[in-house]
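These notes are about the structure you will find just below.
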Ligand code: WTA
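Shown next as structure tokens:
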């Protein structure tokens with residue numbers, strides 16, 4: 007990673023939005039004083055603090071030590087304890103008399119729907135868990151999951167958790183090669199998949215891809231197939247079995263296995279925007295605690311909430327905030343299979359209206375698409391059930407935040423801009439919705455137990471409003487434990503740049519009020535005439551222009567300045583892209599944040615290349631800007647987004 011001189015910050019965003027008194031009155035954290043008291047305790051007396059928090063979980067055997075930090079950075083939490091996540095997510099709600107409450111409210115893309123109550127979900131999970139056991143899947147065995155967004159995906163994860171098998175979910179949009187690589191790296195013994203899934207009116211051929219992957223992954227002995235789309239597929243006798251046949255006859259009762267706190271729960275491969283995929287390892291108790299606590303305090307989640315996180319289960323957000331966190335809190339979770347623009351661009355808003363969603367969590371990339379599509383789509387629907395909005399995945403440009411606040415939140419919903427990573431397992435920095443005034447574009451304040459800081463390359467904290475490196479200085483229960491099969495890579499990747507701290511890879515600044523502003527990945531920092539600029543600020547200045555929907559800024563080599571700024575810009579529907587607009591945008595950025603950030607070049611494009619989880623691939627744009635890849639006219643960039651996806655698949 008490029009840890010060099012400090013990063014300069016140019017952005018000045020002064021708007022603040024205080025939570026409504028009516029929201030604060032009912033919130034789990036309802037005063038600044040309460041936050042400060044809890045936060046101080048979590049930093050000054052972490053063991054006491056975490057022990058208190060862990061008291062909210064159901065334990066099978068009490069732990070003997072909160073934290074074993076004898077071999078940093080290999081931290082262990084709640085050692086000696088036994089616990090089961092599926093029990094915490096299911097049995098305890100059923101046992102408390104909430105068995106008839108909806109756990110999953112599912113809607114398929116074609117419009118079919120299904121509800122599973124907590125009791126029904128527990129039954130399904132238990133049947134699959136028993137079937138897996140009777141087919142020889144043992145504690146610690148890895149099970150790959152390659153599924154559309156259907157209830158069986160959550161069932162599969164929870165069934166593994168119930169028996170102590172380790173799941174590794176591979177995003178359903180990945181091709182055979184990526185699936186095979188990940189199954190081989192994890193040495194998976196079984197694969198749970200489906201014949202297909204629906205996406206934008208078409209079938210995603212999951213089983214066909216799985217067949218190609220299985221041919222290269224001989225470790226997998228069983229392939230369990232859910233019937234979803236019903237098209238013809240090939241079933242190989244001896245290896246492949248339909249899900250319904252697999253679970254038929256298996257008992258509806260499966261006692262939750264008493265698992266060590268540090269039992270591996272899942273491996274999730276992340277390539278992020280750079281580098282070869284790493285198998286991020288999460289374990290049981292600490293991860294559960296993070297998922298549960300953040301849902302409770304950040305989403306202020308209560309049992310009466312209808313909660314919808316739009317992330318796919320293939321990403322960490324889908325793990326923590328579609329499955330484990332909200333179920334541990336006993337909420338009703340909406341799950342939607344398909345695309346946001348199928349059959350029309352109002353699908354999300356129609357789902358919110360239909361299910362009376364109260365808490366909604368999505369990504370900035372989706373919000374920018376909604377802005378581009380226009381206000382008429384949300385305006386077709388009654389969104390008054392919403393009480394809290396969230397975002398995750400990238401810094402949100404202030405103008406996208408404002409749109410979310412105004413058009414979706416009706417100016418009454420707090421927005422939690424949550425910063426975290428696959429590696430951190432749960433939210434690390436965020437507003438607390440009852441107390442933290444929102445500042446558009448800032449992920450606000452550290453969550454309990456998170457000793458977050460902006461430092462220079464020597465690990466010294468930098469002054470307020472100065473850019474630097476975002477680090478976490480103390481162990482946190484939900485953090486990754488290692489990179490699967492590669493402890494050395496784990497140490498080198500995360501703990502060697504700014505030792506002994508965990509380096510997040512992000513650049514950030516902290517303002518005078520103590521709010522954090524993430525400026526992007528440090529690998530994306532651009533050095534213009536000796537000024538190191540984060541990409542986020544220039545992009546946000548562009549997005550603040552009324553004609554711009556989305557922007558990505560990268561550096562390209564420049565003889566004079568070292569690097570020159572090249573902006574790739576997507577405009578809103580119907581706006582002509584001409585030279586006059588290029589000049590207007592350059593002047594706009596210079597006026598908004600300063601002449602040093604004035605783009606040397608503006609290129610218009612229909613779409614920006616994104617990773618499968620929606621992050622802009624600046625790495626690829628850098629090559630294009632530097633002329634390393636031939637680009638004719640800008641319309642071909644569309645093809646580059648496909649290329650980017652293909653490339654990511656091959657990593
Ligand atoms: C970025 C997703 C600014 C950041 C949970 C981080 C954000 C990376 C935010 C992790 C946010 C995520 N504000 N930046 N609210 N949330 N990021 O592993 O660069 O897919 O390091 O985890 O996304 O991405 P990952």
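In this note's numbering, the protein residues as written are 7 to 657.
Backbone N, C-alpha and C fix where the C-beta goes; we use that ideal spot for every residue, glycine too.
Exposure of residue i, with buried meaning 16 or more beta-carbon neighbours within 10 Å
{"i": "residue 412", "result": "exposed"}
{"i": "residue 259", "result": "exposed"}
{"i": "residue 464", "result": "exposed"}
{"i": "residue 494", "result": "exposed"}
{"i": "residue 481", "result": "buried"}
{"i": "residue 43", "result": "exposed"}
{"i": "residue 94", "result": "buried"}
{"i": "residue 28", "result": "exposed"}
{"i": "residue 317", "result": "buried"}
{"i": "residue 306", "result": "buried"}
{"i": "residue 506", "result": "exposed"}
{"i": "residue 516", "result": "buried"}
Length of the line joining the Cα atoms of residue i and residue j
{"i": "residue 565", "j": "residue 474", "result": "26 Å"}
{"i": "residue 331", "j": "residue 304", "result": "11 Å"}
{"i": "residue 180", "j": "residue 187", "result": "11 Å"}
{"i": "residue 525", "j": "residue 559", "result": "12 Å"}
{"i": "residue 113", "j": "residue 150", "result": "24 Å"}
{"i": "residue 39", "j": "residue 553", "result": "43 Å"}
{"i": "residue 232", "j": "residue 543", "result": "45 Å"}
{"i": "residue 634", "j": "residue 326", "result": "39 Å"}
{"i": "residue 32", "j": "residue 425", "result": "24 Å"}
{"i": "residue 682", "j": "residue 276", "result": "This structure does not reach residue 682, given that the chain is present from 7 up to 657, and the question cannot be answered."}
{"i": "residue 640", "j": "residue 158", "result": "For residue 640, the pLDDT reaches just 39, beneath the cut-off of 50, and the residue's location in the model is therefore unreliable, although a value from the coordinates is still provided. Going by the C-alpha atoms only, they are around 42 Å apart."}
{"i": "residue 59", "j": "residue 72", "result": "11 Å"}
{"i": "residue 195", "j": "residue 161", "result": "18 Å"}
{"i": "residue 241", "j": "residue 321", "result": "28 Å"}
{"i": "residue 638", "j": "residue 148", "result": "Below a pLDDT of 50, predicted positions are generally treated as unreliable, and residue 638, at 39, falls in that range; the measurement from the model is reported next regardless. If I take the Cα positions, the gap works out to 46 Å."}
{"i": "residue 249", "j": "residue 116", "result": "22 Å"}
{"i": "residue 45", "j": "residue 97", "result": "31 Å"}
{"i": "residue 421", "j": "residue 394", "result": "6 Å"}
{"i": "residue 295", "j": "residue 479", "result": "19 Å"}
{"i": "residue 245", "j": "residue 344", "result": "29 Å"}
Residues of its chain near residue i, where Cβ-Cβ distance is below 8 Å and the 5 sequence neighbours each way are ignored
{"i": "residue 18", "result": "599"}
{"i": "residue 402", "result": "370, 373, 410, 423, 446, 447"}
{"i": "residue 257", "result": "132, 133, 136"}
{"i": "residue 145", "result": "169, 170, 171, 263, 265, 269"}
{"i": "residue 462", "result": "12, 468, 474, 475"}
Of the listed residues the options, nearest to residue i (C-alpha basis)
{"i": "residue 550", "options": "404, 424, 449, 524", "result": "404"}
{"i": "residue 217", "options": "317, 336, 201, 207", "result": "201"}
{"i": "residue 22", "options": "362, 417, 344", "result": "417"}
{"i": "residue 204", "options": "608, 581, 346", "result": "346"}
{"i": "residue 286", "options": "127, 497, 386, 385", "result": "497"}
{"i": "residue 468", "options": "501, 513, 484", "result": "513"}
{"i": "residue 400", "options": "436, 382, 593, 386", "result": "436"}
{"i": "residue 379", "options": "359, 360, 352, 393", "result": "352"}
{"i": "residue 100", "options": "86, 118, 123, 78", "result": "123"}
{"i": "residue 191", "options": "178, 215, 198, 219", "result": "219"}
{"i": "residue 208", "options": "194, 581, 154", "result": "154"}
{"i": "residue 255", "options": "282, 156, 547, 141", "result": "141"}
{"i": "residue 362", "options": "492, 388, 377", "result": "388"}
{"i": "residue 383", "options": "359, 212, 226", "result": "359"}
{"i": "residue 49", "options": "459, 129, 619", "result": "459"}
{"i": "residue 272", "options": "253, 87, 288", "result": "288"}
{"i": "residue 625", "options": "607, 572, 500", "result": "572"}
Neighbourhood of residue i by C-beta, 7 Å cutoff - its chain only, sequence neighbours within 5 removed
{"i": "residue 520", "result": "451"}
{"i": "residue 92", "result": "131, 164, 167, 168, 262"}
{"i": "residue 408", "result": "446"}
{"i": "residue 120", "result": "112, 157"}
Assumed close pair residue i, residue j - CB separation to whole angstroms, cut-off 8 Å
{"i": "residue 442", "j": "residue 476", "result": "About 18 Å; that fails the 8 Å criterion."}
{"i": "residue 109", "j": "residue 338", "result": "7 Å"}
{"i": "residue 312", "j": "residue 340", "result": "6 Å"}
{"i": "residue 300", "j": "residue 453", "result": "7 Å"}
{"i": "residue 30", "j": "residue 396", "result": "No, residue 30 and residue 396 are not in contact; Cβ-Cβ is about 17 Å, not under 8 Å."}
{"i": "residue 539", "j": "residue 16", "result": "7 Å"}
Other residues of its chain near residue i: CB distance less than 6 Å, five sequence neighbours each side excluded
{"i": "residue 105", "result": "124, 125"}
{"i": "residue 561", "result": "532, 569"}
{"i": "residue 429", "result": "286, 486"}
{"i": "residue 547", "result": "595, 598, 599"}
{"i": "residue 333", "result": "95"}
{"i": "residue 235", "result": "201, 202, 209"}
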